[in-house]
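Written out below as structure tokens is the structure these notes cover.
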Amino acid sequence: MNIHLKTAAILLATLIIGMVCGALILGAFARDQLQPPPQVTRERFVERWVRMVRPDPAQMQRIREVVNEHEPGFRENYMRHRQEMQVLVDSLHRDLEPILTETQLERIKRIREGRERIREFRRDGDHESRRDRPRRPPGRNRAGEGPRGDRPDSIRSEGRGSDDRTEGRGNGGDH
């Protein structure tokens, strides 16, 4: 075997190993991202406190009883907080509405609808596999837009001389 063939074989093997490792790592991260966080239930609330306290067997039953007594107050406070935050978010959206373009309003609407679907998913226990759901077309993000650089209102073009380029002054033009 000559040296060029050995070098090519080593490079090819390294590339394949890197691709396999990358796919495995990406798969692990994607799996974590695609699974919705579990809904906090009474049992999970109690178990979390039991894990934190690590009671001895003599304490276990009494600790479970005390934590169970307090759980409804925590849940009520959480739900009230969520409702108060929703009122603030709705107010913000109403105040922004006259300022935003139709595209921006539609984007916000899609994001809010997606969040509502996730809430329903968690509330109803609809645990249909994400693999069975329809997918977005390739190259589209959750808001239905193309890749970041394709957005006309992209942060990449804001404040970086985008107006100057249209007048022939930006990016190396005459000043």
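Its first residue numbered -11, the sequence shown is counted upward by one per residue in our numbering.
Even glycine gets a Cβ: it sits at the ideal position worked out from N, Cα and C.
Only a predicted model underlies this, so the values are computations on that prediction, with no experimental measurement involved.
Report yes if the CB atom of residue i is closer than 8 angstroms to the CB atom of residue j, and no otherwise.
i: V34; j: E59; result: yes
i: R52; j: V75; result: no
i: L93; j: E101; result: no
i: H81; j: I96; result: yes
So residue i is in the alpha helix (DSSP H); what residue range does that whole segment cover?
i: P45; result: 45 to 84
i: M40; result: 30 to 41
Using C-beta distances below 8 angstroms, list every residue in its chain close to residue i, excluding the 5 sequence neighbours before and after it, in chain order.
i: L3; result: none
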